[in-house]
Structures are given as structure tokens and as C-alpha cells.
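If you read the sequence shown in our numbering, its first letter stands for residue 18, the second for the next number, and so on. The C-beta atom is built at its ideal place from N, Cα and C for all residues, glycine as well. In what follows, a structure is listed as C-alpha cells, so that the remarks can point back to it.
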Amino acid sequence: MKGIIDILLERTKDCPDRKIFNFLDFSTEERTVTEVTIDMVFRNAKAIAGELLDRGAKKEDRVVILSLQDPGTLYAVYGAMMAGTIFTIIPPPIDEGKVERFISVVKSCKPKFIISNYTLEHEKLSKAQPPQLTQPPQSPQSNGRSLKSDLKKQLLKQAFFQAIRLKRIYTDRIKTTTREYPMHSAEPEDVIYLQYTSGSTSDPKGVMVTLKNLMTNIGQVQELYDYSTGNSLAMWVPFFHNLGLLFGIFLPITALEGRTYFLQTLQFLQKPTLWLRVLSDYQVKITAGPNSAYALFPNILTPQAAAAFDLSHVTHFMNGSEFIDPVTIRSFADLFGIRAEAFACGYGMAENVCLVTAAHKNHQTLWVSEDALSRNRFVPCEPDQGKELVSLGEPVSGVTMIAVDPATGKPCEEDQVGEMYIQGDTVCKGYWGGVRDNENFRARIEGYQGYFFKTGDMGFLYRGNFYMTDRIKEIIIINGHNVYPGDIKAALKKNIPALSADASVFFTVEANNREAVVACLETDRPNLDFAALAAQVNQVVARIFEFSFYDVVFLKKNSLPRTDNRKIRTHKVRELYLQEKLSQGAQKPLNGRNGELSPQGMPQVLFSSRKDASARKTTTKHEIALDGVHERVKAVFDNLLERQDYDLDTGFLELGGDSLKLVECACQLEEVFHIKLDVTQVGLNASVNGIAELIQHNLLEGNGKAIKINLQDECTLDPSIAPDAPYDHSVSACKNLFLTGSTGFLGAFLIRSLIEQNTGKDIRIYCHVRAQDEQTGRERVISNMKHYRCWKDEYAQHIHVVTGSLDQPRLGIREDVYQELSLHVDAVYHNGAMLNFLFPYQFLKASNVDGTRECLRFACTGRAKYFHYISSYSVYDNPSHFGKKVYESDPLVSGEGYLLGYSETKWVSEKLVQIARDRGLKACIYRPGDITGDTVNGIWEMKDLISRLIVGCIHMQKAPDIKTRLFTVPVDYVSEAIAHISRQEGACNLAFNILNPESFTIKNMVKAVRRMGYKIRTVPYKSWREELHRTNIRENPLRVLASLFPEGSGTAGPDYAAVASGDAYDADVAGDAGVAGAIGSAGENLLNRFGPLQPRYDMTNTNNFLKDTEIQKTLLRKHLLPVYLKYFMEQKYI
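So this is what it looks like as C-alpha cells:
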């Protein structure tokens, strides 16, 4: 028989320079490609074989190869076979689960050699550390991280200690040689490698694959996929998986043409769309992945995003390794505009090398009666009238597949579901070491000759096609990886002493179109803290096996159904669980032998982690949560985990997720926050609080890379948004006013100013509030005004509450209320927006931009309404205005060069108002500066940069030695100005810059602080910035915005100003304007932008409409800083 090494020799002779393998690396912005020719494979494999022989390797010596998804792994596989050794390929021991696997494999096959990578063994060990999840530097948890890092190093040392007597060969240190070595030629029955089927910590199973097994399966695959005639293949499946080994390493050598593209598994997990990119860019024809991988994309990509990837040329999307969901296939096909027939679903196992059945260009599904299926019968039915099963195709040539009745061992009747037995030259010799399960390779079937292998999988053959229905063997498959219940039991007993003597059973159920795992654990200790114990169980499983249980159920000891020899009947337990009879307590007796009623009673449940979720503690949102970040992260968790009540400090995997769902979680979070996330940072044990703090921390440190948006494309307004009718009232006659942002800082003062300036005019202010009901909303408005000392009891008659939310259609207002208001409201004051220094445009868009669209729609619906939009002077902060005088009538043509997403939302919103104004809406735009406390009480929220700058510098007793011009403006001046101008007839369709002509400087701040008796001095900007970054985020309120202060000496420009306004308002709270922009084009930074590049602001319109009023006198009040400092002292900020 011609072996794979013989074929490699032929290819080397005929086409040595043919580029066959391409290893892709996307770790940097520019991908790198390492091309491997056939000659490179031969020469490097020969060098490794020579090294093995020189160091005493003999035929059938075992060699462990650590799979690094690199060319070295490829060379090692062929080199081991050239030397006549038996190799096994496993993942490197870089976490606890893989360390356990490494140790168990070493103990099982007793290798003499280990082939690895010098970098892994000597460099990565020093860098081993867990993902940086939650805290910034100097955090209280930093010590915990150190402990985790130390633990990981210990695990690695433990693994390598197991291999200390093994002879090591490093693929990155071997040089090719011209020396000749005897090339081993394997016989058909020779074992050439061991395929270990799982982590196998308790009972490792290494399938013995002979040359005959391998070459037969290769031939079968070639018949199906015609890989030898130039088809290209793309893989991310790891080499230690039998699919990755067969299709990734062996098949390409047999091909006469074609190329193989390898995407690193970890890079796929970090960014799944890289797989699509490879398929699209390289016009790949064949690819492979488990069902769960295909299920990712409909959940993380919009149709618009999917359109960027052309998959029309892919002829085979191989899908296997786990149950296949027909909905997944349809959803993926619809998303990318391909035919479902492109899916090549199949069934395989390591015991048969790889492939057993395959649906080659013959994708089909079958609807069967669920009632019949529950009785192990299959009865075809009409679509949507039963359960839909996916055909896994016909058995490959040379394989006999029979459905067998597990009870009798006889072939199944025509409509009977049975256990699948297989026979053929691809069925392997057995497991290494004579383990107990080798008896499964010697099964007999009445009426058939020879031995069969019992697969442990249930199903049936219908019109030649195999349909899998269930699994009876004790194995759980998650994301294509096998996990044995015995391994789980061993891990739990080892790590959780409370479970050491208790019985357990594990089985799969369907949840959200995927397989999930349930654990049922018996105990005779009913007083245990089951909530804590369930969390501990999931922690251990998540850490070692990279998934967690969908449900952890504790039951009274000996209450689960058993056989006569006391073995738990897993299938009966699963049946009871699905029927929800496990939770009913001891109502009726159940016989353990046959499921009949008996005096024993029904299984008595003590605790279920899903049903008793309320028993777990719930964690309040973190004290520095910004703009509901935690709530948004939790919403993603809720959707993916299909649950809502859980501890926010419990990890995603511990709550029932798995590694691929974690990837989906990271992708959805990227969509929500519109920043780029690294799944390795998110980590396998990430909680709601942990991920929320990671997102915050990245943004606070300036590491949150926003996804680029073309703002011009955002400036679109539904053509229907135009006044329905002509104006029938004057602006001064407006009595019914609609106000957004009514529970914010500026909102409180606006309500007061609008009422006070219209005394006796029966003013009604409809306050748009996010609340459960009107009464709660009313309490929020009044409480907010009292907080800011704006409240008078007589205001109550003027205030009417409308519940809703800016980020919802029709502003979240009930339809009948919306219609009634649209006919009666005279003017809209759109003051609401979400303010945040750190989040990108897309995160703020729903409230700030879409909220403006909905306000404009409301203003144009029914009665034509006057529209007053509170914007921000930050709309001027881009290069088109640097160093120029900017006018209130500026058309704001350019949207390029903003740093802050908030400034971008204000620019787009103003463009939308301009569009509506061109259609006939009468609108005013107000652009306040950096809003500070009021002039009477100095009341001011610690939610903007200027207040944080003052208090932060006092805490540090240092201020940066830089010049500034901060255009601050008291909140009561802003509200009075807007309330007055908005009632003037000539103000319609104008814009107003509401600023203080006198700028605020660091120098003035330092003087005022000293006069109040506080110690403070100016220091060089660089040292001040470094000290700021060393401060604790919970002790210094400025630390949260440290990323806004760029590196530099402070001398890049003569002036400096910072961004201003809040960072923690609700969408209907944060109506305050005034975020000054920041860095935009290359070479620009804060020091330059608010130094010589800062615009000069025109205030002609504002001055004209406020002249001869008392309002302007507000700005004449001197020494406001002491007023603010007294308030800060009162609030114990300083």
C-alpha cells in the first residue's frame, strides 16, 4: 500500500517548489503569510526524523507533538512518521484543562520524545498570566491576578515536570541537513499515530490509527471532495482535532494542485470574521467547522456587514463534530446569500479516523414525528408538524453502517431508531493500552460477518441517508470537543471536597438551538449552601473544560432512577428533567429498574441553579458605572444565556456559556459599544462586572479603538419628517412645551426658567422622563429640582410627565398619548442626550442622534411645533475651525477630525435639524460652553471635566503648568438665556453661542484654591500627568478621565483646554451641553487644539437677543470659583 510518506516523496520529486500551505497571521493590522512548499515540508520533516533517530528513536516509540498551528507542527508529524515512531498530537499545556490532558496522555502512551517549540517552553512561561479583566493598575484585585498568574506558572511547571525524562526536540531550533537517514516504510497494519479523543483525565483513550485506516479514509474523502484537482481549503480547526489533522495536514500532500490556508484557532476565536475574510479574499472552495461556529454569524453580523464577504464560490461548507441544527444552516445561507446545498454535513469520529458519512452536494432535512421519536421510532411527517433532522449523508464508500436495537443486539426494524454500528477498513484497531472500552470494537450483529464498532450514537438510515437522533455513549460534545463524564466527575471530586462522596450524572439538552449540559448531583447533606456550591461547580468546569452547566441540580441522595446494579439511568434522568418532573418533589414512586411506579418516590430536587436563581446573591451595579455600561453588558448576557437573575460577578462560562458562546458575546459587545474587543482579554471567566470594567478601563486608558464611521452618511432624515400643517401660532404664544432631558442638570434649571419667565401664562411643561409610570417620573423630576435647589411648590401645577425613552421609536411614548400630544404641544425643547467623554459615536447614536430624529418627527407630527435644540460648542472642535473665528451661522460643512463621539453626535444632530428646517420646521439651535454650577449656591455635579479637574488637583495638591482657556458658563445663565431667546419672534432659524467671554484658566483656579486655604502648586505637565495616572480611580475623581490628557511635555502649544461636561447621565437625564472636542487629525493633541488652534467664538446673535435684559448681568458676578469650592466642601468632595 502506498503510504502518505511515499506520496510526499513523489510530490517532492515532481513539484518541490509548489506552494502548498499558507499560514496566515492577523495579529497586526497587516496580515502576514508564511508560505510552505512541498520541498520545505520534506526537508524539515527529514531533519526532525534525523534528530529522532540520532537520539535513539526506535520503531513504535511514542512521540508527543504539541500543536502550535504553525509549520513546525506540520514538519513534526511527517518527521515522526519518517522515523517510524508513533506520534500523538495534543494542545500545548497552557491552562489547567490542557495540563491535565497533557499529563494523562503522557501517562497513557509513555512517550520517549516530546516535540515542541523552544519559545513556548522557555519564553511563554515567563509571560503566563490570565486575561486582564477588571481592574486598572493599583486595584485591590491586583494581588488576585498575581496569584492566578503564579498558579498558571505552577501548572506549566507541573506539565513539564511530567516530561522531564522525555527527550525534547524543538522545531524552531532544528536545521535542515543533507545527511541521509533510513526512511521508514510503514506496513498497512502498522500503527502510525494515536488520536486521543478527549481531555481524558480519568480514562484516556488514544485511538490507534494504522496506515491502512488513514490511507483508506483519505481515499474516501478524495472521492467526495475532489481535492486533488485544485480546490483550495481554509481551516482554523486545530491540528490536534482529527478533522484538522486529516484535512489540514494529510490531504493537501495528496493533492496534485490546490492550496491550504491556515487561520490560527485563537485568532478565529478572537475575531470570527477573519474566517470569512480568508474565504472571501482567497476564493476558497472548501472549509470546515462545527455547527456552533456557523451559528455565530447570524447573531453577530447584520446583512449589511455580511455583504462585505463574498462566499458564493465556496462549494463545501463542511459541518460536523456535533449536532447540526437546520435553523443554523438556513440562517447562515440567508445571511450570505448562498444556497443551503453548499453545506456538506457529515458524521465522523476518531475511531474511524475521521469521516463516516457525508452529504456531498445533497443537503436535505427530514421532518419526523416527535411522539414516535420519543418511542425510538421514526415516522416521517409534514413540515412544521414534528422535529426537523438534518441528513448527515450516506456512509462513505467501503463503510457498512447498521442501526442496531441496543436491547437485543439485532438489526433494527424498518422504522426503528437504534444504535449505529460501523464496519470497514477505516475502523481503527482499538484504544492504546487495552482499555476497557476496546470491547466496543468487537461487537457482533446477528446475520452479519465480522466485527463492528459500536458508535454509541442513536439514529436511523432513511433512503440511504443517516439521521442522528441521540447519543447513548458517555460522552459530551461541546463545540466539536469531546468531554467524558468521568473526567468531569474526577475534576469535581478533586477540586470540591463537599462532592467527594456524592453520585452525579451529566447529559445534554437543547437550549437556544444548541446543545447544553445539565449536571444532576445527589447529596445527603440538605443544609449545604447549594447556590455557592453550584457556582463552585461551574467555576471548576469552566476552568478545566471551557464550558459550564446550563443547570446544576442537587437532589436527595439515592433518589435518581437506577438499574439493578445501582448504576444511574442517565437517559431516564434526562427524560424526567425534560418533562420537568425532577422539580416536582416526591409525588409518585418510581421504580429504578423499568421506570414503573415504586415506593422509592420521584427524584427529590433540593436546588436548581436555573429555577432557584433568586437564591443567589445579586450584585448592584459598580459605583463608577458610566452610562449604563453594566446594564448593556448584562443585556447581552441575558440574551445569550437565556436567563436574567444571576450574580453579576459570576463568570460567563460559570453561568452556562461555552467558549464559542463567549466569542459570540464578545462580538455582540463590539456591536453594542462599537469598539474592538479582544476575546482573550474578555477571558474565559468574565462576568458582567468584569467585562463592563474592562470596557471602561480600556476607554479610560485611551485603548478603546472605535469603529470608523462616515458621519456624512449619518446625516439622513426620513422624507416624511416635515411639518404636516402650517404654523397657526406665534413663538411667543407657546404655552404647551415638551421638554427632553428633564431630570438632568440643565433640565432642572430650564424648567424653572421657563416657568418663571412666563408667570401668569398658564405654561404647561410636558417632561419626557424615563420611568415605569407617570407618578414615578413626576417624583424624579421634583426630586431632581429639589436636589439642585430649583424647586418651588407652585411649580407643580405646570409640570406634566410623559414616560418614554429617547432611544425608542416615537420616543417610547404610548401611541395614544403620542397622538394627543402631537395635536396640543406648541414647542419642543430637545435638551436630552447621553453625555460621555469616552464612548464612540455608535454607542451614543441611539439616544443622541436617533433621539433627535424622533424629536424632529414629533415636532412635525400633527400641529407644527417650534423646535429648540440644545447642542454644544464642541461642534466647532474640528480642523475646519482651528485658529479661525467661528460664527453662529456657520453651516458646519465638515464632520472630520473630531475625537469625541459626543461631539460627533452633536454635529450630526445639528445637520438633521438643518434638514428639517429646510423643509419648513422653525428651529433654533443653542450651543452652550462648558456648563458649571449656578451663581447663587454653586451647586454642581461632579460629572464633568472642569469640576473633576478642580477637585482632582486639590486632592493631588498639584496643578499642571499649562495655559488654558476654558469657556465656562453658569448653568442658570444658560437656562435663562435659552428660556428668553426661545420666546422671541425674530429668533427662529438662528443659532446661538452661549458662552462666557471671560475664559477660565489654571492660573486663576490655583489662586482661588489657595485663597480657600488649600495647599496647591503648579508642576510640569509631564510629572503632573504621570502622578494623575498613579492615583486611585476611586479616590481621585479626575483619574477616570486621565486618558483625555495626552502624553507630552505640555509645551506643544501655548494654551491648553480640556474637554468638558458629564460622564454618567441617563439618556433622558443628560441634557447638559458643552463637551469641548479633542484630538482629531494626525499630529494634533489637546495642547495644540486649545492653544493656538482654538477658534474664536462669535456671539452676535446671543448678545443681540440678551441686551437690555438682566440675564447678562449674571456673567458679571465675580469670584464664582470660591462659591463652587464652598459647595464642594459642603458635599465633602474636598
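Buried or exposed (CB count within 10 angstroms, at least 16 for buried), residue 895: Here the question's residue 895 lines up with position 878 in the sequence shown. Buried, since its Cβ has 16 or more Cβ neighbours within 10 Å.
DSSP-derived helix/strand/coil call for residue 476: The residue labelled residue 476 in the question sits at position 459 within the sequence shown. Residue state, collapsed to three classes: strand.
Beta-carbon proximity check, residue 413 vs residue 362, cutoff 8 Å: On the sequence shown, residue 413 is found 396 positions in, with the first residue counted as 1. On the sequence shown, residue 362 is found 345 positions in, with the first residue counted as 1. Not a contact, by the Cβ cut-off of 8 Å.
Pairwise C-alpha distance: residue 787 and residue 908: As a first step, residue 908 is located in the sequence shown; it is residue number 891 there, counting from the start. As a first step, residue 787 is located in the sequence shown; it is residue number 770 there, counting from the start. If I take the Cα positions, the gap works out to 33 Å.
Chain-order list of residues whose beta-carbon lies under 6 Å from that of residue 444 (same chain, five-residue window excluded): For the purposes of this step, residue 444 is taken as residue 427 along the sequence shown, with counting starting at 1. The answer, listed in chain order, is 369 and 470.
Neighbourhood of residue 332 by C-beta, 6 Å cutoff - its chain only, sequence neighbours within 5 removed: For the purposes of this step, residue 332 is taken as the residue at position 315 of the sequence shown. Contacts found: 302.
Exposure of residue 108, with buried meaning 16 or more beta-carbon neighbours within 10 Å: Position 91 of the sequence shown, counted from the first residue, corresponds to residue 108. Per the 10 Å Cβ criterion, buried.
Residue 1151, DSSP secondary structure in three states: Working through the sequence shown from its first residue, we reach residue 1151 at position 1134. Residue 1151 falls in the coil class under three-state DSSP.
Minimum length 4: unbroken alpha helix (DSSP H) runs contained in the segment 942–1020: 962–973 and 988–998
Coil, strand or helix - residue 587 by DSSP: In the sequence shown, counting from the first residue as 1, residue 587 sits at position 570. Three-state DSSP puts residue 587 in a helix.
Nearest to residue 484 (by Cα), restricted to the options 561, 342 and 522: Along the sequence shown, read from residue 1 onward, the residue named residue 484 stands at position 467. Looking at 561, 342 and 522, the one whose alpha-carbon comes closest to that of residue 484 is 342.
Buried versus exposed, by CB contacts within 10 Å (16 or more), residue 920: For the purposes of this step, residue 920 is identified with residue 903 of the sequence shown, where counting begins at 1. With 16 or more other Cβ atoms within 10 Å, it is buried.
Unbroken beta strand (DSSP E) run spanning residue 225, endpoints: Here residue 225 is taken as the residue at index 208 of the sequence shown, counted from 1. Element bounds for residue 225: 223–227.
First and last residue of the uninterrupted alpha helix (DSSP H) at residue 732: As a first step, residue 732 is located in the sequence shown; it is residue number 715 there, counting from the start. Bounds of any alpha helix (DSSP H) do not take in residue 732, whose DSSP letter is neither H nor E.
Residue 573, DSSP secondary structure in three states: Here residue 573 corresponds to residue number 556 of the sequence shown, with the count starting at 1. In the structure shown, residue 573 sits in a strand (DSSP, three-state: E or B).
Simplified DSSP state of residue 603, which is helix, strand or coil: Taking the sequence shown and counting its residues from 1, one reaches residue 603 at position 586. Here the model assigns residue 603 a pLDDT of 36, short of 50, so the residue's position is not dependable, and the following value carries that caveat. Residue 603 falls in the coil class under three-state DSSP.
Residues that DSSP places opposite residue 527 in a beta bridge: Numbered from its first residue, the sequence shown carries residue 527 at position 510. 532.
Beta carbon of residue 89 nearer than 8 Å to that of residue 69: Taking the first residue of the sequence shown as position 1, residue 89 is located at position 72. Taking the first residue of the sequence shown as position 1, residue 69 is located at position 52. With respect to residue 69, residue 89 sits apart: the two C-beta atoms are not nearer than 8 Å.
Whole-number beta carbon distance between residue 383 and residue 397, since they are thought to touch under 8 Å: In the sequence shown, counting from the first residue as 1, residue 397 sits at position 380. In the sequence shown, counting from the first residue as 1, residue 383 sits at position 366. That pair is a contact at about 6 Å.
Opening and closing residue of the alpha helix (DSSP H) in which residue 625 lies: In the sequence shown, residue 625 corresponds to position 608, counting from 1. Taken as a continuous stretch (DSSP letters only), residue 625 belongs to no alpha helix (DSSP H), being part of the beta strand (DSSP E) at 622–625.
Residue 1136, buried or exposed, once every other Cβ within 10 Å from all chains shown has been counted against 16: The residue labelled residue 1136 in the question sits at position 1119 within the sequence shown. Around the beta carbon of residue 1136, fewer than 16 other beta carbons sit within 10 angstroms, so the residue counts as exposed.
Segment contact flag, the segment 569–578 with the segment 536–553, C-beta cutoff 8 Å, min 3 pairs: yes
Residue(s) in a DSSP beta bridge with residue 336: Here residue 336 is taken as the residue at index 319 of the sequence shown, counted from 1. Residue 336 is bridged to 306 and 362.
At least 3 beta-carbon pairs within less than 8 Å: the segment 950–967 vs the segment 776–791: No, because fewer than three Cβ pairs between the segment 950–967 and the segment 776–791 fall closer than 8 Å, the two stretches do not touch.
Contact belief for residue 819 with residue 834 at Cβ below 8 Å, rounded distance in angstroms: By one-based count along the sequence shown, residue 819 stands at place 802. By one-based count along the sequence shown, residue 834 stands at place 817. With 8 Å as the limit, residue 819 and residue 834 qualify as a contact, their Cβ atoms being about 6 Å apart.
Residue 273 and residue 235 closer than 8 Å at C-beta: Here the question's residue 273 lines up with position 256 in the sequence shown. Here the question's residue 235 lines up with position 218 in the sequence shown. Contact: no.
DSSP three-state assignment for residue 350, whether helix, strand or coil: Residue 350 sits at position 333 when you count from the first residue of the sequence shown. Here residue 350 sits in helix by DSSP.
N-terminal and C-terminal residue of the alpha helix (DSSP H) that residue 52 is part of: Start at 1 with the first residue of the sequence shown, and residue 52 comes out as number 35. Where residue 52 is concerned, there is no enclosing alpha helix (DSSP H), although the beta strand (DSSP E) it sits in stretches over 49–54.
Sequence-distant residues of its chain with Cβ nearer than 6 Å to residue 805 (five each side left out): As a working note, residue 805 is residue 788 in the sequence shown. Closer than 6 Å at Cβ, skipping near neighbours: 765 and 956.
Residue 471 (DSSP reduced to helix, strand or coil): Residue 471 sits at position 454 when you count from the first residue of the sequence shown. Here residue 471 sits in strand by DSSP.
Alpha carbon of residue 374 to alpha carbon of residue 364, nearest angstrom: For the purposes of this step, residue 374 is identified with residue 357 of the sequence shown, where counting begins at 1. For the purposes of this step, residue 364 is identified with residue 347 of the sequence shown, where counting begins at 1. If you take the alpha carbons of residue 374 and residue 364, they lie about 5 Å apart.
Simplified DSSP assignment, three categories, for residue 126: On the sequence shown, residue 126 is found 109 positions in, with the first residue counted as 1. The answer is helix: DSSP assigns residue 126 an H, G or I state.
Chain D within 8 Å of residue 883, Cβ atoms only: As a matter of chain content, chain D is missing from the structure shown, which is built from one protein chain.
Where the alpha helix (DSSP H) containing residue 840 begins and where it ends: In the sequence shown, counting from the first residue as 1, residue 840 sits at position 823. Looking at the DSSP string, the run of the alpha helix (DSSP H) that includes residue 840 is 832–841.
Residue from 1059, 986 and 980 with nearest C-alpha to residue 1111: As a first step, residue 1111 must be located in the sequence shown, where it is residue number 1094. Cα-wise, what sits closest to residue 1111 is 980.
Residue 204 and residue 339 closer than 8 Å at C-beta: As a first step, residue 204 must be located in the sequence shown, where it is residue number 187. As a first step, residue 339 must be located in the sequence shown, where it is residue number 322. The answer is no: Cβ separation not under 8 Å.
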